[in-house]
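Q: Numbering (my numbering), first residue to last: 7 to 343. For every residue, glycine included, the Cβ atom is placed at its ideal position computed from N, Cα and C. Given the structure is predicted, the values throughout are model-derived calculations rather than measurements.
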Amino acid sequence: MIIVMEPKTPDEVINKLRERLLDLGCEIHESQGVNYRIFGLIGNTSSVDADRLRALDGVEKVIRVQEPYKIANRLFHPEDTIVQIGNKKIGGDHFAVIAGPCSVESEDQIISIAEDVQKAGAGFLRGGAFKPRSSPYSFQGLRENGLELLKLAREKTGLPIVSELMSLEHLELFIENVDVIQIGARNMQNFELLKEVGKTCKPIILKRGLSATIEELLLAAEYILAQGNDQVILCERGIRTFEKYTRNTLDLSSVPVIKKLSHLPVIVDPSHAGGIWWLVEPMAKAAMVVGADGVMVEVHNDPANAKCDGQQSIKPERFSSMMESLRELAKIQKKII
Ligand code: PEP
Ligand code: MN
7 MIIVMEPKTP DEVINKLRER LLDLGCEIHE SQGVNYRIFG LIGNTSSVDA
57 DRLRALDGVE KVIRVQEPYK IANRLFHPED TIVQIGNKKI GGDHFAVIAG
107 PCSVESEDQI ISIAEDVQKA GAGFLRGGAF KPRSSPYSFQ GLRENGLELL
157 KLAREKTGLP IVSELMSLEH LELFIENVDV IQIGARNMQN FELLKEVGKT
207 CKPIILKRGL SATIEELLLA AEYILAQGND QVILCERGIR TFEKYTRNTL
257 DLSSVPVIKK LSHLPVIVDP SHAGGIWWLV EPMAKAAMVV GADGVMVEVH
307 NDPANAKCDG QQSIKPERFS SMMESLRELA KIQKKII
């Protein structure tokens, strides 16, 4: 249930209402915008009498929220959430470009790619250190060493680093070393992991599960938000369908749908969605046009010999020309890139 207060309601009235809600045994989440103040009642509110609340001083309206996700709901927070990472922003007018290899493979590889994507205008460096591979015999990542190499690349380029956390046992390591924690598609419904990252204040990129509905994605985000971490960025990365030509089917319509339902920023990963390098640029441009808040793309200096996902990785030169196209589009879309 959501209680929208009249603009300029005096503090005494707000405080009185807060006490009353707490007396009713409700868990409340407050949200303060430029022109509004909202109380969100979380949990089972079936016994709360909405009409009695409507009659109280300062209350403009009371809305019963039908959707099962509450804090992620745009009703709860009408303005776009903007996630701040150092001096960079994701959401609102800010379009983020996160680029880098699928996996960190060596010092030379990650430094060279990081320098190239930084020169071309990327805002963040991605790189997997712990890799969720379908086969246990495939390259599993450089693990702790991979994070060390990412830190070196950050030192050289100033780019904040994004890397995937797969297991709770590495949470502290990630808190200490990375700027943004990625929760991959395969762990979107690892609820224990979601709860624990929810207790941190690290920005989280939450990728849509392979066969997850939009509602399931928003409920997964709700797990993080409910623990107090509101720095959540959603990522559309394609879903499984009957189509076999592409690795997954990029559900571009999920972007405007999620933006209607939620205030959280949404980025698109065209690399894992299409699974083919030449689809990355057109799908990245499409992502910007449908209103995404950024893209995450795989870039490799030697895709033919990449240890992971070479077929969907673009070379630095192509990344650079893609950035030029995105900058042109950003002028029309009124986005800061
Ligand atoms: C990745 O970004 O490296 C990755 C494994 O993606 P996903 O979880 O979307 O498959
Ligand atoms: Mn990959």
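Taking 8 Å as the cut-off, is the CB of GLN317 close to at least one heavy atom of the ligand MN?
A: Every heavy atom of the ligand MN is 8 Å or more from the Cβ of GLN317, so no.
Q: Per the DSSP calculation, LEU240 is bridged to which residue(s)?
A: In DSSP, LEU240 forms a bridge with LEU212 and VAL272.
Q: By the three-class DSSP mapping on this structure, what secondary structure does ASN196 have?
A: Coil, per DSSP.
Q: Taking THR252 as the reference, which of ILE48, ASP236 and TRP283 has the closest Cα?
A: Ranking ILE48, ASP236 and TRP283 by Cα distance to THR252 puts TRP283 first.
Q: Taking only the alpha-carbon atoms, compute the straight-line gap between LEU171 and GLY204 and give it to the nearest angstrom.
A: The straight-line gap from Cα to Cα measures roughly 13 Å.
Q: Which residues have their C-beta within less than 5 Å of a heavy atom of the ligand SAH, listed in chain order?
A: As far as ligands go, the structure on display features the ligand PEP and the ligand MN and does not contain the ligand SAH.
Q: With the cut-off set at 9 Å, would you say SER259 and VAL296 are in Cβ contact?
A: In contact: SER259 and VAL296 (Cβ atoms closer than 9 Å).
Q: Take the Cβ of VAL303 as the centre, count every other Cβ of all protein chains shown within 10 Å, and call the residue buried at 16 or more, exposed below.
A: Under this definition VAL303 is a buried residue.
Q: Quick one: using the 10 Å Cβ neighbour count with 16 as the cut-off for buried, is CYS207 buried or exposed?
A: Exposed: under 16 other Cβ atoms inside 10 Å.
Q: Starting from ARG324, follow the alpha helix (DSSP H) in both directions and report where the run begins and ends.
A: First-last of the alpha helix (DSSP H) with ARG324: 322-339.
Q: Could you check the C-alpha separation between ILE116 and VAL40 for me, to the nearest Å?
A: Taking the straight line joining both Cα atoms gives about 42 Å.
Q: Could you give the first and the last residue of the continuous beta strand (DSSP E) run that contains ILE44?
A: It spans 43-48 - the beta strand (DSSP E) in which ILE44 sits, taken as one unbroken run.
Q: Distance check for GLN237 and GLN90, CA to CA, integer angstroms please.
A: Distance between the alpha carbons of GLN90 and GLN237 is about 8 Å.
Q: Do you know whose CA, among LEU47, PRO13, LYS313 and ASP299, lies nearest ARG24's CA?
A: ARG24 has its Cα closest to that of LEU47, out of LEU47, PRO13, LYS313 and ASP299.
Q: In or out: PHE197 buried (at least 16 other Cβ within 10 Å) or exposed?
A: With fewer than 16 other Cβ atoms within 10 Å, it is exposed.
Q: Does the region 315-327 come within contact of the region 271-290, defined as at least 3 CB pairs closer than 8 Å?
A: Yes: the two stretches touch, three or more of their Cβ pairs being nearer than 8 Å.
Q: Just to confirm, are CYS241 and VAL274 a CB contact at a threshold of 9 Å?
A: Yes, they are a contact pair.
Q: Compute the beta-carbon to beta-carbon distance between VAL110 and LEU156, rounded to the nearest angstrom, for a pair I have assumed lies under 8 Å.
A: At roughly 6 Å, the Cβ-Cβ gap stays under 8 Å, so VAL110 and LEU156 are in contact.
Q: Given a cut-off of 9 Å, decide if MET7 and VAL65 are closer than it, judged by their beta-carbon atoms.
A: Against a cut-off of 9 Å, the Cβ pair of MET7 and VAL65 comes out as no contact.
Q: How many angstroms separate the CA atom of GLY31 from the CA atom of TYR229?
A: Each residue's Cα considered, the two are about 21 Å apart.
Q: Taking C-alpha atoms, which residue in LYS137, GLN124 and ARG26 lies nearest to HIS176?
A: HIS176 has its Cα closest to that of LYS137, out of LYS137, GLN124 and ARG26.
Q: Per DSSP, which residues does GLN38 bridge with? Please list them.
A: BP columns for GLN38 point to ARG43.
Q: In angstroms with no decimal places, state the Cα-to-Cα distance between GLU349 and GLU18.
A: In the structure displayed, the chain extends from 7 to 343; residue 349 sits before or after that span and is not available.
Q: Label GLN38 either buried or exposed according to how many other C-beta atoms from any shown protein chain fall within 10 Å of its C-beta, with 16 as the threshold for buried.
A: GLN38 should be labelled exposed.
Q: What whole-angstrom Cβ distance do VAL103 and ARG132 have, given they're in contact under 8 Å?
A: In fact, because the Cβ distance is near 10 Å, the residues do not count as touching under 8 Å.
Q: Measure how close the beta-carbons of GLN233 and LYS201 come, nearest whole angstrom, since I'm counting them as under 8 Å.
A: Yes, they are in contact, since the Cβ atoms of GLN233 and LYS201 sit about 6 Å apart, within 8 Å.
Q: How long is the line joining the alpha carbons of TYR143 and GLU182, rounded to whole angstroms?
A: Taking the straight line joining both Cα atoms gives about 29 Å.
Q: Smallest Cα separation from ILE343: which of ASP99, LYS22 and ASN93?
A: It is ASP99 whose Cα lies nearest to the Cα of ILE343.
Q: Hey, quick one: how far does the alpha helix (DSSP H) through LYS265 stretch, first residue to last?
A: Unbroken alpha helix (DSSP H) run through LYS265: 260-267.
Q: Return the Cβ separation of VAL305 and PRO322 in integer angstroms, given the expectation that the two are a contact with Cβ distance under 8 Å.
A: Right, the Cβ-Cβ distance comes to about 6 Å (below 8 Å), so this counts as a contact.
Q: Kindly indicate which three-state DSSP category MET7 falls into: helix, strand or coil?
A: Coil at MET7, not helix or strand.
Q: Tell me where the alpha helix (DSSP H) around LYS291 begins and ends.
A: From DSSP, the alpha helix (DSSP H) with LYS291 extends over 283-295.
Q: Go ahead and pull the three-state DSSP assignment for GLY97.
A: GLY97 falls in the strand class under three-state DSSP.
Q: Return the chain-ordered list of same chain residues with a C-beta closer than 6 Å to the C-beta of PRO309, the five sequence neighbours on each side being excluded.
A: Taken in chain order, the residues that qualify are GLY316 and SER319.
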